[in-house]
Structure formats: structure tokens, C-alpha cells
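In what follows, a single structure is set out as C-alpha cells and then discussed.
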Amino acid sequence: MYQRILVPMALDHDVSPQTLSIARALCPAGGEITALHVYEEPQGSAAAVLPEALAQEGVERARALLAKKLEEVVGVTARLVEGRSYRTIVEFAVENGIDCIVMGSHKPGLSDFLLGSTAARVVRHAPCAVHVHRAS
Numbered sequence: 000m001y002q003r004i005l006v007p008m009a010l011d012h013d014v015s016p017q018t019l020s021i022a023r024a025l026c027p028a029g030g031e032i033t034a035l036h037v038y039e040e041p042q043g044s045a046a047a048v049l050p051e052a053l054a055q056e057g058v059e060r061a062r063a064l065l066a067k068k069l070e071e072v073v074g075v076t077a078r079l080v081e082g083r084s085y086r087t088i089v090e091f092a093v094e095n096g097i098d099c100i101v102m103g104s105h106k107p108g109l110s111d112f113l114l115g116s117t118a119a120r121v122v123r124h125a126p127c128a129v130h131v132h133r134a135s
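Here the sequence shown stands for residues 0 to 135, where the numbers follow numbering that gives the first Met the number 0.
Given below as C-alpha cells:
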């Protein structure tokens, strides 16, 4: 099926077990699954006043949460990168030869219809197949 699968993970949502399970079902023996968390850097005036040490502490806390989520998961490589969610997911897919992205999505609200969710943006811009799991 797919040799290189990317599973973007929001650390504050509980769909990771489901999306990792879907990725395993789509990945043949010898394939690779990468769990990716995009740490969104503070923007605008918040970035200007936030001390560097505090910002770095946020990155390290996210790295620890990602490791905890994957501590009992075998055969999945964890990666944490900094950037804007959908754009960074798409760039990571391009730069790493990903041929499938498996990600969760929530039930869309009004703001999603006006602005678009991360999953919707990834679907529109990804250079590969995208499987979206809608949490019930």
C-alpha cells in the first residue's frame, strides 16, 4: 500500500491511537510510520515578549508529551518540528517522501467552514494521499 506514512499528532486530542491504528493497517512490512507533532511558535506580540527560556520550555514539554504518547508504541518514529500546523505537515511530507498522511479531524464548526480546519488544508495542499479519521 504505502511505504512512508505520516501521522500528525495534536497532543491535546485523543485520536492518536485510532490514527496510528489506521496507519498500521495501511503500512506493509518494511514500511515506515512517522508520528509528527508540529509545535506552533507564539505569533505576533506574544513572540516579542516571551522569554526564550520559556519558549524552549514549551518545546521540551511538547517533546516529553509526544514521547509519553508513544512510549508503548513499537515501530513508530517520533518527530517534533516547529512551525505552522498545516503548512509544516505538507512541507514535511514533501521533504521526506511521504506517500500517505493519516490524520484526525473534529466535527467542523462554523469557524471551520469560514477558515478551514488543519485537516481540510492538508487535504487541499498535500502532494500525496490523505486519510482523515473523523472522531465520533
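All C-beta atoms in this analysis are idealised placements derived from N, C-alpha and C, irrespective of residue type, glycine included.
For Arg133, there is no enclosing alpha helix (DSSP H); the residue is found in the beta strand (DSSP E) stretching over 128–133. With contacts defined by Cβ atoms closer than 8 Å, Leu25 and Met8 do not form a contacting pair. The beta strand (DSSP E) runs of length 3 or more contained entirely in the segment 27–112 are, from start to end of the chain, 31–38, 75–81, 99–104. For Leu5, the uninterrupted beta strand (DSSP E) run begins and ends at 3–7, by DSSP. A Cβ-Cβ distance of about 15 Å is found for the pair Ile4 and Val93, leaving them out of contact under the 8 Å criterion. Leu35 is the residue among Arg83, Leu35, Gln55 whose C-alpha sits nearest the C-alpha of Ala77. Annotation: the continuous alpha helix (DSSP H) that includes His124 extends over 117–124.
Leu19 carries a helical assignment under DSSP once its states are collapsed to helix, strand and coil.
Between the C-alpha atoms of Glu39 and Gly29 there is a straight-line separation of about 32 Å. Short of 6 Å from the beta carbon of His124, and not among the five residues preceding or following it, lie these beta carbons of its own chain, in chain order: Val89.
It is roughly 11 Å from the alpha-carbon of Ala118 to the alpha-carbon of Arg86.
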